[in-house]
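**Q** With positions in the sequence shown counted from 1, the corresponding number in the numbering used here is that position plus 61.
Handing you this structure, nothing more for now.
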Amino acid sequence: MLIQLEDLPKFLESDKSAAEGCIVDTNLLFAASFPLDTYNEWAEGVFKTLHSLNIPIFTNLNVRSEFIELNRRVLIPEGLVDMYNDLAGNLTLELEQQLKSLKTLKQKAANGNRTFKFNDSDIKKYRRLLTKFIHTSGSNGWDLFCRDYFCPYIKDVWNDVIGELKIQFLGTREIESGEFFTSRPEWKDMVDVVGRTGIGSSDAMIVNMFLKSKFSLIVTTDYDVESAVHKIGENKHHVLAPPSMVINL
Numbered sequence: 062m063l064i065q066l067e068d069l070p071k072f073l074e075s076d077k078s079a080a081e082g083c084i085v086d087t088n089l090l091f092a093a094s095f096p097l098d099t100y101n102e103w104a105e106g107v108f109k110t111l112h113s114l115n116i117p118i119f120t121n122l123n124v125r126s127e128f129i130e131l132n133r134r135v136l137i138p139e140g141l142v143d144m145y146n147d148l149a150g151n152l153t154l155e156l157e158q159q160l161k162s163l164k165t166l167k168q169k170a171a172n173g174n175r176t177f178k179f180n181d182s183d184i185k186k187y188r189r190l191l192t193k194f195i196h197t198s199g200s201n202g203w204d205l206f207c208r209d210y211f212c213p214y215i216k217d218v219w220n221d222v223i224g225e226l227k228i229q230f231l232g233t234r235e236i237e238s239g240e241f242f243t244s245r246p247e248w249k250d251m252v253d254v255v256g257r258t259g260i261g262s263s264d265a266m267i268v269n270m271f272l273k274s275k276f277s278l279i280v281t282t283d284y285d286v287e288s289a290v291h292k293i294g295e296n297k298h299h300v301l302a303p304p305s306m307v308i309n310l
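This is the structure in structure tokens:
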């Protein structure tokens, strides 16, 4: 069953198991922590509502690595533009041209209120370019970039978000205790979710954990997660998702 944010308080009153906690995924955490994300305002409203109603919020440890990866893809182009602004005129011609072009693309995305992200090929491209550049300090450009423009910003991003959003984890100890689970989330069950829905393994892990948990609510901004729960979940499983994601049932 799909529910909307404005209906959440009433839903929590009618479903006592939902009041015991809910599960959130990577994309929701990223949306709530990044102002330019399409679902930022909606995600902030979700956490504000959950906190006001004292609903515990859980996720799994797999989400941590996904969240860091999403931030890596956003923070590297941001840092590269900052580096260009500081070092323009002291770079190789090729590097200067590439960074200037990147700055233009990133500004267009910002003007359109869109999140600008690199893919892995983009990151490797700029790493190759910067590795060939030797700064006056003696460091190659990539080492300089990581030290001054990237590491200081990504190193605390995870601790900051779990502290601010009051996130708790469902790890091995919680699984073994059975406190939050009706049955143990098994690898074969995750693969079954992949096979039945075609979604990626990371999404399947959070879906499988939700289906095996005692919680009746998962909150997501990921269409694959929402559609998978709708397809293979039971009547007791509910999804809170942005209105624009709601599929025609």
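Beta carbons: idealized from backbone N, C-alpha and C, even for Gly.
1. Should the stretch 244 to 264 be regarded as contacting the stretch 274 to 286, the criterion being three or more beta carbon pairs within less than 8 angstroms?
2. So, at 6 angstroms on beta carbons, what are the nonlocal neighbours of V218 in its own chain, with the 5 sequence-adjacent residues on each side left out?
3. If you draw a straight line from the C-alpha of I195 to the C-alpha of V142, how long is it?
4. Could you check the C-alpha separation between P213 and N296 for me, to the nearest Å?
5. Whose C-beta lies closer than 6 angstroms to the C-beta of D98 among residues of the same chain, with five residues either side of it excluded?
6. Identify, in the order they occur along the chain, each residue of the same chain with its Cβ nearer than 7 angstroms to the Cβ of L310, setting aside the five sequence neighbours on each side.
7. Buried or exposed: which applies to D68, given that a residue is buried once 16 or more other Cβ atoms fall within 10 Å of its Cβ?
8. H299 lies in the beta strand (DSSP E); which residues open and close that run?
9. For L226, which of A170, T120, F206 and D204 has the nearest alpha-carbon?
10. Between the C-alpha atoms of P96 and T282, what's the straight-line distance to the nearest angstrom?
11. Could you check the C-alpha separation between N146 and T87 for me, to the nearest Å?
12. Hey, out of D76, G82 and A149, whose CA is closest to V280's CA?
13. What is the DSSP secondary structure of L310, counted as helix, strand or coil?
**A** Looking at the atomic coordinates:
1. With the cut-off at 8 angstroms, the stretch 244 to 264 and the stretch 274 to 286 touch.
2. In the sequence shown, residue 218 corresponds to position 157, counting from 1. Its chain contains N132 as the residues whose beta carbon lies nearer than 6 angstroms to that of V218, once the 5 sequence neighbours on both sides are disregarded; these appear in chain order.
3. The count along the sequence shown starts at 1 and reaches residue 195 at position 134. The count along the sequence shown starts at 1 and reaches residue 142 at position 81. Across the structure, I195 and V142 are spaced so that their CA atoms are roughly 18 angstroms apart.
4. Mapped onto the sequence shown, residue 213 falls at position 152. Mapped onto the sequence shown, residue 296 falls at position 235. Whole-angstrom Cα-Cα distance: 45 angstroms.
5. One-based indexing of the sequence shown puts residue 98 at position 37. Here the set comprises A92 and T176.
6. Reading the sequence shown from its first residue, position 249 is the one you call residue 310. Residue placement at L310 is flagged as unreliable, the pLDDT there being 40, under the threshold of 50; a coordinate-derived value is accordingly withheld.
7. Indexing the sequence shown from 1 puts residue 68 at position 7. By the 10 Å Cβ count, D68 comes out exposed.
8. Reading the sequence shown from its first residue, position 238 is the one you call residue 299. Run containing H299: H299 to L301, per the beta strand (DSSP E) assignment.
9. As a working note, residue 226 is residue 165 in the sequence shown. Ranking A170, T120, F206 and D204 by Cα distance to L226 puts T120 first.
10. If you number the sequence shown from 1, residue 96 lands on position 35. If you number the sequence shown from 1, residue 282 lands on position 221. Cα atoms of P96 and T282: separation of roughly 15 angstroms, rounded to the nearest angstrom.
11. Walking along the sequence shown from the start, residue 146 turns up at place 85. Walking along the sequence shown from the start, residue 87 turns up at place 26. Whole-angstrom Cα-Cα distance: 31 angstroms.
12. Within the sequence shown, the letter at position 219 stands for residue 280. Considering only alpha carbons, the answer is G82.
13. The count along the sequence shown starts at 1 and reaches residue 310 at position 249. At L310, the pLDDT of 40 sits below 50, so the modelled position is not reliable; the number obtained from the coordinates is stated separately. Here L310 sits in coil by DSSP.
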